[in-house]
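Read the structure below first, then the notes.
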Amino acid sequence: MAAKMTKAEWAKARRRWEAEEDPGYQWLVTAMGLPVTPQAVGKRAREEGWEKNPVKITERAAMVAMQDAKKAEKAAKLASETPEIVPVVEEVVSDDLVNRFGLTAQQALHAREFMADYNPFQSAIRAGYSEATAKSKSSEMVSAPKFQSAVAYLMRSRLEKMGRDADELVAFHLQIIDFDPNTVCELRVHACKYCWGVDHAMQHDPQSWQKEREKFEKRWQKMSESEQKLVGEFPAVPPDGWYEAKRGPNDDCPQCHGVGIEVVKWKDTRQMPPNIRRMFGGIKMNKEGLEVVMLQKAASLATLSSHLGLNKVAEVQVNTAIVTETAKSFEAIMAEARERQRSVLIERGILQHEGSGG
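Just so we're aligned: the sequence shown equals residues 2 to 359 in the numbering used here.
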């Protein structure tokens, strides 16, 4: 089995194992997808004398802390040089989380990593926890009150940086709940052409009436003068009036039996007002046809119910699920808005497509 790995691959595996605090070799095989067994890795480690490096184990946390310290120093310098300008709100550094909420340095790093993708397991791995620990305790760690308070603190900082607050996000969910989908598309039920004709005869629109005129004129040419005088001229409009689809179906119609004709009316998305475009997620083409993608009312109802404590669950100081889901929805909406704005600028010639030159 060992022959399947090159010397470079073994060196990479050794560096990873020595930089992590986890004992054993199963986690290394799983994490790196090695084509060998844990026993083969153990044998190689003993032959080469692999040893844990405590400096490398803490290297990631130390590097993040150093970067955060530099950010804080830069923000402080900017504030002192330009006191009249309000400095940009920075995310809270790990040391601040330690002091405020009593977290360890690794727990503080976990909280910051959690803000990247809201994945308890992966964020714990990135914070330096072993795979076994992350798998068994990540959800427990994320649900701890101290951790939730730290995440809420980071979230408030992010919202301030974005110029938004929790009340505005709640208001946005209320807009989703009150949204009328008819502002995007409508399902209309029209009358069929037999619903309102005399004795339920077929009614005509201008196009079909013109075809009837052409048939009549062909027969007219074959008639004698007396026959033409007897028949008379072709009427300008149908005797029973024009077909009006919007009149709605007739329950007594023998043709459609009152069901009518279903017609989907799409609205021009370019003409939608901004408050409606925020609810609109785009259009998908599938085997059934067009599908309008809208923000889900059920998700917003669940979020607001939890926010207001209507789900009868045990109350906690911070509900991390609400905070993270709200932020992800808002960030996705903001990204879509920026993309729509970019499309408009390209359409107007103000901005060029990438790779078009100029």
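Using N, Cα and C, we set each Cβ at its ideal position, and we do this for glycine too.
Contact check, residue i vs residue j, beta carbons under 8 angstroms
i: Ala112; j: Leu175; result: no
i: Val42; j: Ala14; result: yes
i: Ala125; j: Met142; result: yes
i: Pro121; j: Ser137; result: no
i: Lys147; j: Leu104; result: yes
i: Glu22; j: Ser131; result: yes
Classification of residue i by the beta-carbon crowding that lies within 10 angstroms, buried from 16 upward
i: Asn251; result: buried
i: Trp243; result: exposed
i: Ser344; result: exposed
i: Lys219; result: exposed
i: Glu348; result: exposed
i: Phe115; result: buried
i: Phe180; result: buried
i: Pro261; result: For clarity, residue 261 is Gly in the given sequence; the question names Pro instead. Under this definition Gly261 is a buried residue.
i: Gln108; result: buried
i: Ala135; result: buried
i: Gly129; result: buried
Same chain, Cβ closer than 8 angstroms to residue i, five either side skipped, listed in chain order
i: Gly50; result: none
i: Val199; result: Pro240, Asp241
i: Val87; result: Because Val87 sits at a pLDDT of 42, beneath the cut-off of 50, its placement in the model cannot be relied upon, and the point is left open.
i: Pro39; result: Gly25, Tyr26, Gln27, Leu29, Val30
i: Met54; result: The residue you asked about is not Met; residue 54 is Asn in the sequence shown. Within the same chain, Asn54 has close Cβ partners Glu19, Ala20.
i: Met224; result: Val232
Distance, residue j Cα to residue i Cα
i: Met273; j: Cys196; result: 35 angstroms
i: Ile177; j: Gln27; result: 47 angstroms
i: Glu9; j: Ser158; result: Note on identity: in this sequence residue 9 is Ala, with Glu being the wrong assignment. So the alpha carbons of these two residues sit roughly 43 angstroms apart.
i: His191; j: Glu215; result: 28 angstroms
i: Arg17; j: Pro36; result: 16 angstroms
i: Trp11; j: Pro24; result: 17 angstroms
i: Glu228; j: Trp221; result: 9 angstroms
i: Met33; j: Leu110; result: 22 angstroms
i: Met6; j: Ala106; result: 36 angstroms
i: Arg339; j: Pro275; result: 12 angstroms
i: Leu29; j: Ala46; result: 12 angstroms
i: Gln123; j: Glu48; result: 32 angstroms
i: Cys193; j: Cys186; result: 21 angstroms
i: Lys212; j: Glu337; result: 49 angstroms
i: Glu74; j: Val99; result: 18 angstroms
i: Glu245; j: Glu289; result: 28 angstroms
i: Cys257; j: Glu226; result: 42 angstroms
i: Arg271; j: Ala237; result: 40 angstroms
i: Ala133; j: Met286; result: 43 angstroms
Other residues of its chain near residue i: CB distance less than 7 angstroms, five sequence neighbours each side excluded
i: Leu188; result: Glu263, Val265
i: Arg127; result: Glu114
i: Lys247; result: His191
i: Trp210; result: Pro239
i: Ser144; result: none
i: Glu85; result: For Glu85, the pLDDT reaches just 47, beneath the cut-off of 50, and the residue's location in the model is therefore unreliable, although a value from the coordinates is still provided. There are no such residues.
Cut-off 6 angstroms between Cβ atoms - residues of its own chain near residue i, not counting five sequence neighbours on either side
i: Pro255; result: His201
i: Gly249; result: Ala192
i: Leu259; result: According to the sequence as given, residue 259 is Gly; it is not Leu. Hits under 6 angstroms: Pro250, Asp252.
i: Phe217; result: Phe235
i: Thr83; result: Residue placement at Thr83 is flagged as unreliable, the pLDDT there being 49, under the threshold of 50; the coordinate-derived value follows with that caveat. Excluding residues within five positions, none has a Cβ falling inside 6 angstroms.
### Segment contact flag, the stretch 200-214 with the stretch 257-276, C-beta cutoff 8 angstroms, min 3 pairs
no
### Task
Would you check if the stretch 131-151 and the stretch 225-244 touch, i.e. whether three or more CB-CB distances between them fall below 8 angstroms?
no
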